[in-house]
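S.K.: Take a look at this one; I'll ask things after.
There are 2 protein chains.
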Amino acid sequence: MYRTHTCGALRISDVGQEVVLSGWAQTVRDKGYMLFIDLRDRYGVTQLLFNEDISSPELLEQARSVGREFVLQAKGKVAERASKNDKIPTGEVEIEVTELTILNASSVPPFTIDDDTDGGDDLRMKYRYLDLRRRPVQENIMFRSRLGIETRKHLADEGFLEIETPFLIKSTPEGARDFVVPSRMNPGQFYALPQSPQTFKQILMVSGFDKYFQIVKCFRDEDLRADRQPEFTQIDCEMAFVTQEDILNTFEGLTRHLFKALKGIDLPAFPRMTYDDAMRRFGSDKPDLRFGMEFTELNELAQHKGFKVFDSVELVVGINATGCAAYTRKQVDELTQWVQRPQIGAKGLVYVKYNEDGTFKSSVDKFFNTEDLKGWADKMGAQPGDLMLVLAGEADKTRKQLNELRLEMGRRLGLMKPGDFKPLWVVDFPLLEWDEETERFYAMHHPFTSPKKEDVARMLSGGHETMKSLRADAYDLVINGSEIGGGSIRIHDRKLQEKNFKLLGFTDEEAEAQFGFLMGAFEYGAPPHGGIAFGFDRLCAVMNGQSSIRDFIAFPKNNMGRDMMIDAPAPVHPEQLDELHLAQTKID
Amino acid sequence: MYRTHTCGALRISDVGQEVVLSGWAQTVRDKGYMLFIDLRDRYGVTQLLFNEDISSPELLEQARSVGREFVLQAKGKVAERASKNDKIPTGEVEIEVTELTILNASSVPPFTIDDDTDGGDDLRMKYRYLDLRRRPVQENIMFRSRLGIETRKHLADEGFLEIETPFLIKSTPEGARDFVVPSRMNPGQFYALPQSPQTFKQILMVSGFDKYFQIVKCFRDEDLRADRQPEFTQIDCEMAFVTQEDILNTFEGLTRHLFKALKGIDLPAFPRMTYDDAMRRFGSDKPDLRFGMEFTELNELAQHKGFKVFDSVELVVGINATGCAAYTRKQVDELTQWVQRPQIGAKGLVYVKYNEDGTFKSSVDKFFNTEDLKGWADKMGAQPGDLMLVLAGEADKTRKQLNELRLEMGRRLGLMKPGDFKPLWVVDFPLLEWDEETERFYAMHHPFTSPKKEDVARMLSGGHETMKSLRADAYDLVINGSEIGGGSIRIHDRKLQEKNFKLLGFTDEEAEAQFGFLMGAFEYGAPPHGGIAFGFDRLCAVMNGQSSIRDFIAFPKNNMGRDMMIDAPAPVHPEQLDELHLAQTKID
Chain W
1 MYRTHTCGAL RISDVGQEVV LSGWAQTVRD KGYMLFIDLR DRYGVTQLLF
51 NEDISSPELL EQARSVGREF VLQAKGKVAE RASKNDKIPT GEVEIEVTEL
101 TILNASSVPP FTIDDDTDGG DDLRMKYRYL DLRRRPVQEN IMFRSRLGIE
151 TRKHLADEGF LEIETPFLIK STPEGARDFV VPSRMNPGQF YALPQSPQTF
201 KQILMVSGFD KYFQIVKCFR DEDLRADRQP EFTQIDCEMA FVTQEDILNT
251 FEGLTRHLFK ALKGIDLPAF PRMTYDDAMR RFGSDKPDLR FGMEFTELNE
301 LAQHKGFKVF DSVELVVGIN ATGCAAYTRK QVDELTQWVQ RPQIGAKGLV
351 YVKYNEDGTF KSSVDKFFNT EDLKGWADKM GAQPGDLMLV LAGEADKTRK
401 QLNELRLEMG RRLGLMKPGD FKPLWVVDFP LLEWDEETER FYAMHHPFTS
451 PKKEDVARML SGGHETMKSL RADAYDLVIN GSEIGGGSIR IHDRKLQEKN
501 FKLLGFTDEE AEAQFGFLMG AFEYGAPPHG GIAFGFDRLC AVMNGQSSIR
551 DFIAFPKNNM GRDMMIDAPA PVHPEQLDEL HLAQTKID
Chain A
1 MYRTHTCGAL RISDVGQEVV LSGWAQTVRD KGYMLFIDLR DRYGVTQLLF
51 NEDISSPELL EQARSVGREF VLQAKGKVAE RASKNDKIPT GEVEIEVTEL
101 TILNASSVPP FTIDDDTDGG DDLRMKYRYL DLRRRPVQEN IMFRSRLGIE
151 TRKHLADEGF LEIETPFLIK STPEGARDFV VPSRMNPGQF YALPQSPQTF
201 KQILMVSGFD KYFQIVKCFR DEDLRADRQP EFTQIDCEMA FVTQEDILNT
251 FEGLTRHLFK ALKGIDLPAF PRMTYDDAMR RFGSDKPDLR FGMEFTELNE
301 LAQHKGFKVF DSVELVVGIN ATGCAAYTRK QVDELTQWVQ RPQIGAKGLV
351 YVKYNEDGTF KSSVDKFFNT EDLKGWADKM GAQPGDLMLV LAGEADKTRK
401 QLNELRLEMG RRLGLMKPGD FKPLWVVDFP LLEWDEETER FYAMHHPFTS
451 PKKEDVARML SGGHETMKSL RADAYDLVIN GSEIGGGSIR IHDRKLQEKN
501 FKLLGFTDEE AEAQFGFLMG AFEYGAPPHG GIAFGFDRLC AVMNGQSSIR
551 DFIAFPKNNM GRDMMIDAPA PVHPEQLDEL HLAQTKID
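Keeping their order, the protein sequence lines are chains W and A.
Following the numbering used here, the numbering of the first sequence begins with 1 at its first residue and continues without gaps.
Following the numbering used here, the numbering of the second sequence begins with 1 at its first residue and continues without gaps.
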C-alpha cells in the first residue's frame, strides 16, 4: 500500500498517528540541521519534517537529494507544527519522517509548477502533463468532472436516459465542415464525425425513448478562431410530447440545479426576451443582463434638425453611461477611436455630457440646443452626471456596433461583476436567414427546426418575402452575455421537412440522399419533439467567470488544431493510405 | 401540455381522474359498438375505450381511422375495467376517451412491433427506429443507461474524476488498425481515432489526478467478426499510487455494486487464478466457473501402455461428464465429429464410460484394462454413471480443444445457468508473446504493461529465453467465461519502457516519434500507476445473460461496418477530398 492518507487529509486530531503519504515534492527547504519538504497531491499539501533529532544521517542525506517534482513515499508520525500555516487545512501538522522512498526522480521542470507560472502557452501545451499539475488547472478539471456527474444525476432523476449515438456517421453538406474518416472495408466511402447527434436524437424520439440526453463529443472542421476547438463537448438533450414551454422549464431546472450544487448560488428568474427585442434593446441575441445601459432609439428626436449625418441614416441610437459626464476630452476621443477600429467599424461617435450642473456639452452642440438634448436625456433616462453615447447608420450594423460599445462601457465601469449571474432565454428566433451574397436561405438554427405553429400555414403556402418573416420555436439560454445552450422544437412532419429542405436549396434527390432516413422515420409515427444542447466547455467557463474554454479541457488543441503534447496530427505510413485507396495530392 | 400522465402510470386509485395521455397505438380492436386502443409509450400500455354511450359518433369514427403506430393524444376519464388484465400494472383501468387528437399518422410498419418480431436482421437494422420501439430492445437500452449512471455514481463516490480525453489523436503502429482522419489545416497529416485512451490516462496519472475514469467510445478498424463493432464503449479507469491488489479490490467493488444495484444480485467471492493455472485447469484464460469439469492430465497413467496415439504426444488430458455414461454410441460418435470439426480441430476423441454397475466401456479397451481405467476414474474423480472424455496432442492446442469440448458439454448439460454469475480474476499473464511466424515478441496486454516487480531485473539484463518467461502485473476480470475487463500495472520508468519498446521491435527513433511524450513525462516525476478497462457493451450483455453486444447498442453497425439506417459510410463530394489534398486511387 502506497499511502494511508492523502496529502490533504491530516489534521491536529491525527497527531501521534503513524502514517504513510505519497506525492510530489513541491518545495524542499534545507535549514541545515533540519529540512522541510512540502508533499503535494491533488488533495492538498502536507509538510514533511526531517531533522537531526528524529532522522538518521542517511535519511537526512536522502532527503537532501530530493528535487522539485520528485515522487516520494514518506512514513512517519503526525506531529503538531511549531509554526502553523493557517492558509492550508493541513497547516497545523507535519510528518516527522522515519522512512523515505524516492518512487521516481524528476528532471527540473521547464516551468514552475505553481498557481502562477512562468511558462508560455506553447511550452505549457507541450508539457501539458506538468501544466495540469498546477492547482488552478487541476481545479478546473475537477470542476468539470463534478459538473458532469451533477448533470447526469439531475437528468437521470428527471427520467432522462443517456443513450450513446454513433461517432462514425455520414457527411452532410449542411452546417460546418465535417471531419471525414475513410472506410477501409468500403473503399471510396467515408464516415463523418458528428457535428452533433441531431438526427440520431430525433430518431430516438421517433423510437419512443421520450427523454434523451448525452454528454458527448462533437466535431467541426472549422478554421479555428480563438477559443474554438475542433472537438468540443455538448450536453445534448431531446424530449418528446413537449412544447417549448416544457423544455424551457426543464432546462431552467437543470441550470438552477447545477449552479446550486456546484457554486451554492440560487439563480435569479430566467426572463424571456424575443430575438427582435434583444436586437432592438441590446443589439445582440445574447445580451449581458448584469447591467442595464439599454439602447434608446433617437430617430424621432434627433433627425431633421439639420445634422446631416443623422438625417440620412436608418437608425440613431444611444446608450447612457451613468456617472461618466466627467470623462475628459482625451477619454472621449479614445472611446471614439475605439468604436472606429476596424473590428467595430463605426464611422464616428456622438457624445452628450449631461453635466452635474444641468448643462449639456456635446459633440453636436452646433445642431442641437439644450432643449433638444434634454429631450434625449429624458428619453434615455439620463441624469446629471451621465454621459450619452450615440451611434448612427444602417440599423443592423449600428446596433451591433453599439452592442460592442455597451459591453466595453460595462467592462470599463466594472458592471460585469464576477459572481453575479444573470440568465436569460432568448426566444422566437427567425426560422431562415436570407444571404444576399449567395442568394439563398440559411437555417438560423438548423434545418430540423420547426416554424412556430401559427407560421406553419404561411410557410407551406407563402412566397419569398413571407419566408423571411417566419419565426421559429427556437431558443437560446444566455448567461452573462454567453450563449450556453440553444435548441428548438423540431419538425416532425414529412411534408414540412421537405418544404424546409427545398427552401434551403436542397433538391429532392439531395434531401432524400442525406436525410431520407429521418423523413422516412417521420412516416411511421413521429411524435412532436424538441430539444436543446448546452456547450459543456462553455458552461464550465461561464460558471467560473472565465472566458477561455481551453482552460477547462484536459488536452486542448491549439489554433492550428494541433495537439502539441503528442504532436498530432502527423503523417501516416504510406501503406495506411494504400489500404484506404487514397493518395496524397500535391500540397502547395 | 401533451400529457398529464405516462401510459404506465395509472392505477385503480386514479379512477375518476380527468387525464391526458400521449403515445403510440399498439393495437386497435374494433368491436362495433365499442373500440379499444392500446396506447403505448416507454413506460407502459394503457387501454383507451371508445363506445357509443360515452363517445360521439364523430369520435368513434375518428378512432376507427387509427392504425398501428399512429401517434395519439387522448383526453378522458380513468375508469375501472370490466375485464381486467393482470399481466400489466395498468391492467385494472382504462380511459373513457372524450377527445382524441391524431398527432401523427403512420404507414404500416414493415415488421410487427412486438416482443417477437417477424422482421429479419437487415430490415430491422434499416428501420432501426422501429426496432428500437420493441420492448426487449427498449429494455436493453434503458438498462445500459442505468448501468452508465450507476457506474458513474459509484466511481465518483469513490473519488474518481471523469476526465475527457481527445478523440483526434495520433496513429500508432502498435495494436489494431486505426481509423484515420485527414487534417485539412495540416495538409498531408492525419489524426487517428483512439483505440483506447491508454496513453492519455497514464499522462493524467503523471499530472496527479490520481483516480481517473471515463465511459468512452473507442475505435478499431478491424475485420469485423460476429459481435465486434468498429466503435465500442469502455469504462476506462486508472489509479496512481496503487498495487495490483488495490486495483483488484477497487473494481471488485464496482462490479459488486453494479450487480447489486441493477440486478439485485450479491456476487459470490472473486477467486483469483494465475494465467498458467487457468490454461492448465480449463484450457482458457477466461474459464466459465459456473460449472466444474476441470481438466485432468493423464500422461502418467495413460502413456506407455501400448496405445501409440497417446505415447507420441505431449499431453493426454480429459474431463469427466457427470451422469453421461448412458450416452449412446450415436451420441458419442456425434461428439467425436463435433471435436473433429475444423473450428475445433481435434484428431479424435477417446471416451470411457464408467457404467452404473462399476464396469468400464471405452474406445480404448484394447489398450487399457479395467484397473487402468479405474485409475483414470480415480484421478478424474469420476463415479459410476459418468463419462470420461479424453483428448491427446500438442499441449496448447489440445487444451484449447478440450476447452471447447468442456463448454459444449456445459451447454448440453444445462450447466450454464442463466442468473448464475461466477466472477474470476485471472492474474499473472505473460508479459510478452513470441510469434514464430514474424519472429518477434508481441505485448500480451499492451506495450505499457509492467513486468512483475520480481521480474524487472531479469527483463533489464536477461536474454531471449528469459523474455519468454517474464510475468506481467496484468489481470482480467472474467464472468461466466466472458472477459469483461482487463488491465495492468504500467511501467512508469523511462528505461524500462525503452527496453520494452526495444523488445517489441521498435527502433529508438520509432519509439521516440510515437511515444516520446509519454517517456518524456516519465522523466518529470511519474508515480507508480495502473488501471483497467471494462467492455461496457459486453458488460451489459453478460449481466443480462445475453451473448450479442449489438442488442445493447442503440445504433450498431453490421459486419461490413455499415450503418444500414443512415446508409453510411458513403461517398463524399470531390471538393471535400480536394480540400484534404487527397485523391481516390483505383479500387479493384
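For every residue, glycine included, the Cβ atom is placed at its ideal position computed from N, Cα and C.
1. So the beta strand (DSSP E) PHE441 (chain A) belongs to, where does it begin and stop?
2. Output the residue ranges of the beta strand (DSSP E) runs that lie fully inside the stretch 352-394 of chain A and measure 3 residues or longer, sorted by chain position.
3. At which residues does the beta strand (DSSP E) containing THR98 (chain W) begin and terminate?
4. Between HIS492 (chain W) and chain A, is the shortest Cβ-Cβ distance under 8 angstroms, so that the two count as touching?
5. Is there a Cβ of chain A sitting closer than 8 angstroms to that of HIS581 (chain W), yes or no?
6. Is ASP563 (chain W) closer than 8 angstroms to ILE169 (chain A) when the C-beta atoms are compared?
7. Check the Cβ of THR165 (chain W) against every Cβ in chain A and list those closer than 8 angstroms, keeping chain order.
8. What are the start and end residues of the beta strand (DSSP E) that includes VAL456 (chain A)?
9. Quick one: grab the DSSP three-state call for MET205 (chain A).
10. Three-state secondary structure (DSSP) at ASP246 (chain A)?
11. Given the structure, does LEU470 (chain W) come close to the ligand MN, in the sense that its CB is under 7 angstroms from one of the ligand's heavy atoms?
12. With DSSP run on the structure shown, which of helix, strand or coil describes VAL20 (chain W)?
13. Within the 8 angstroms Cβ cut-off, does ASP115 (chain A) reach chain W?
14. Would you verify that the beta carbon of LEU35 (chain W) is, or is not, closer than 8 angstroms to some beta carbon of chain A?
15. Secondary structure at PRO89 (chain W), three-state DSSP: helix, strand or coil?
16. Determine whether the Cβ of THR274 (chain W) lies closer than 8 angstroms to any Cβ atom of chain A.
17. LEU387 (chain W) and CYS324 (chain W) - do their beta-carbons sit closer together than 8 angstroms?
18. Spell out a yes or no on whether the stretch 11-21 of chain A and the stretch 72-82 of chain A are touching, meaning 3 or more CB-CB pairs, one atom from each, closer than 8 angstroms.
19. What first and last residue would you give for the beta strand (DSSP E) that runs through ILE235 (chain A)?
20. Mind checking LEU460 (chain A): buried by the 16 CB within 10 Å criterion, or exposed?
21. May I ask you to report which of helix, strand or coil DSSP gives ASP41 (chain W)?
22. Any chance you could list the alpha helix (DSSP H) runs of at least 4 consecutive residues sitting entirely within the stretch 514-547 of chain W, in chain order?
23. Would you verify that the beta carbon of ARG152 (chain A) is, or is not, closer than 8 angstroms to some beta carbon of chain W?
24. Strictly under 8 angstroms for the Cβ-Cβ distance: is ILE247 (chain W) near chain A by that measure?
25. Helix, strand or coil for ASP116 (chain W), going by three-state DSSP, please let me know.
26. Is the CB-CB distance between SER196 (chain W) and LEU132 (chain A) below 8 angstroms?
27. To the nearest whole angstrom, what separates the beta carbons of GLY348 (chain W) and PRO384 (chain W), a pair I think is in contact under 8 angstroms?
28. Under a three-way DSSP split, which group does GLU222 (chain W) fall into?
29. Since GLN589 (chain W) meets chain A, which of its residues come closer than 8 angstroms, beta carbon to beta carbon?
30. In angstroms, rounded to a whole number, what distance separates the CA positions of ARG412 (chain W) and LYS557 (chain A)?
31. Could you check what DSSP says for ASP551 (chain A) in three-state terms: helix, strand or coil?
32. Just to make sure I have the definition right: I need the residues of chain A whose C-beta is within less than 7 angstroms of the C-beta of GLY44 (chain W). Which are they?
33. Look up PHE36 (chain A) in the DSSP assignment and give the residues it is bridged to.
34. Could you confirm whether any beta carbon from chain A is found closer than 8 angstroms to the beta carbon of ALA521 (chain W)?
35. Determine the chain A residues that contact TYR524 (chain W) at a beta-carbon separation under 8 angstroms, and present them in chain order.
36. So, does the CB of PHE448 (chain W) fall closer than 8 angstroms to a CB anywhere in chain A?
M.R.: This is what the structure gives:
1. By one-based count along the second sequence, residue 441 (chain A) stands at place 441. 440-443 is the span of the beta strand (DSSP E), which, as asked, contains PHE441 (chain A).
2. For the stretch 352-394 of chain A, whole beta strand (DSSP E) runs of length 3 or above, ordered along the chain, are 360-362 and 386-393.
3. On the first sequence, residue 98 (chain W) is found 98 positions in, with the first residue counted as 1. Per DSSP, THR98 (chain W) belongs to the beta strand (DSSP E) from 93-104.
4. By one-based count along the first sequence, residue 492 (chain W) stands at place 492. Contact of HIS492 (chain W) with chain A is assigned, a C-beta pair being separated by under 8 angstroms.
5. Walking along the first sequence from the start, residue 581 (chain W) turns up at place 581. By this cut-off, HIS581 (chain W) is an interface position.
6. As a position in the second sequence, residue 169 (chain A) is number 169, starting the count at 1. As a position in the first sequence, residue 563 (chain W) is number 563, starting the count at 1. Against a cut-off of 8 angstroms, the Cβ pair of ASP563 (chain W) and ILE169 (chain A) comes out as a contact.
7. Counting from one through the first sequence, the residue named residue 165 (chain W) turns up at place 165. Taking the beta carbon of THR165 (chain W) as reference, the chain A residues within 8 angstroms of it are ALA554 and PHE555, listed in sequence order.
8. For this step, residue 456 (chain A) is matched to residue 456 along the second sequence. That residue, VAL456 (chain A), is in no beta strand (DSSP E); its alpha helix (DSSP H) goes 456-461.
9. The residue you call residue 205 (chain A) lines up with position 205 of the second sequence. Correct three-state label for MET205 (chain A): helix.
10. Numbered from its first residue, the second sequence carries residue 246 (chain A) at position 246. It is helical.
11. Here there are no bound small molecules, and the ligand MN is not part of this structure.
12. For the purposes of this step, residue 20 (chain W) is taken as the residue at position 20 of the first sequence. In the three-state reduction of the DSSP assignment, VAL20 (chain W) falls in the strand class.
13. Locating residue 115 (chain A) in the second sequence gives position 115, counting from the first residue. No, its Cβ sits nowhere closer than 8 angstroms to a Cβ of chain W.
14. Within the first sequence, the letter at position 35 stands for residue 35 (chain W). So, not an interface residue.
15. On the first sequence, residue 89 (chain W) is found 89 positions in, with the first residue counted as 1. Of the three classes helix, strand and coil, the one that applies to PRO89 (chain W) here is coil, per DSSP.
16. The sequence position of residue 274 (chain W) within the first sequence is 274, counting from 1. For THR274 (chain W), the answer is no, since every Cβ of chain A falls outside 8 angstroms of its Cβ.
17. If you number the first sequence from 1, residue 324 (chain W) lands on position 324. If you number the first sequence from 1, residue 387 (chain W) lands on position 387. When the beta-carbon positions are compared, CYS324 (chain W) and LEU387 (chain W) come within less than 8 angstroms of each other.
18. Taking a cut-off of 8 angstroms for Cβ pairs, the stretch 11-21 of chain A and the stretch 72-82 of chain A touch, as three or more such pairs fall below it.
19. Position 235 of the second sequence, counting from 1, holds the residue named residue 235 (chain A). First-last of the beta strand (DSSP E) with ILE235 (chain A): 231-240.
20. For the purposes of this step, residue 460 (chain A) is taken as the residue at position 460 of the second sequence. With fewer than 16 Cβ atoms within 10 Å of its Cβ, LEU460 (chain A) is classed as exposed.
21. The residue labelled residue 41 (chain W) in the question sits at position 41 within the first sequence. Here DSSP, grouped into helix, strand and coil, assigns ASP41 (chain W) to strand.
22. Taken in chain order, the whole alpha helix (DSSP H) runs of length 4 or more contained in the stretch 514-547 of chain W are 536-543.
23. Sequence index remark: in the second sequence, residue 152 (chain A) carries index 152 (1-based). ARG152 (chain A) counts as touching chain W.
24. To locate residue 247 (chain W), count along the first sequence from 1; it is residue 247. For ILE247 (chain W), the answer is no, since every Cβ of chain A falls outside 8 angstroms of its Cβ.
25. In the first sequence, counting from the first residue as 1, residue 116 (chain W) sits at position 116. In the structure shown, ASP116 (chain W) sits in coil (DSSP, three-state: anything other than H, G, I, E or B).
26. Translated into the one-based positions of the first sequence, residue 196 (chain W) becomes position 196. Translated into the one-based positions of the second sequence, residue 132 (chain A) becomes position 132. At the C-beta level, SER196 (chain W) and LEU132 (chain A) stay beyond 8 angstroms of one another.
27. Against the first sequence, residue 348 (chain W) aligns to sequence position 348. Against the first sequence, residue 384 (chain W) aligns to sequence position 384. About 25 angstroms separates the beta carbons of GLY348 (chain W) and PRO384 (chain W), which is beyond the 8 angstroms limit, so they are not a contact pair.
28. Sequence index remark: in the first sequence, residue 222 (chain W) carries index 222 (1-based). DSSP places GLU222 (chain W) in coil when its eight states are reduced to three.
29. The shown model of chain W, from 1 to 588, leaves out residue 589 (chain W), and the question about it has no answer.
30. Here the question's residue 412 (chain W) lines up with position 412 in the first sequence. Here the question's residue 557 (chain A) lines up with position 557 in the second sequence. Rounded to whole angstroms, ARG412 (chain W) to LYS557 (chain A) spans 55 angstroms at the Cα level.
31. Counted from its first residue, the second sequence places residue 551 (chain A) at position 551. Here ASP551 (chain A) sits in helix by DSSP.
32. Your numbering for residue 44 (chain W) matches position 44 in the first sequence. Per Cβ cutoff of 7 angstroms: no residues; GLY44 (chain W) is ~12 angstroms from chain A at best.
33. Residue 36 (chain A) sits at position 36 when you count from the first residue of the second sequence. Partner residues in the beta bridge of PHE36 (chain A), as assigned by DSSP, are A:ARG29 and A:LEU49.
34. Sequence index remark: in the first sequence, residue 521 (chain W) carries index 521 (1-based). Chain A, which has a Cβ nearer than 8 angstroms to the Cβ of ALA521 (chain W), makes this yes.
35. Walking along the first sequence from the start, residue 524 (chain W) turns up at place 524. Those are GLU69, SER106, SER107, PRO109, TYR127, TYR129 and LEU130, listed as they occur along chain A.
36. Looking up residue 448 (chain W) in the first sequence gives position 448. By this cut-off, PHE448 (chain W) is not an interface position.
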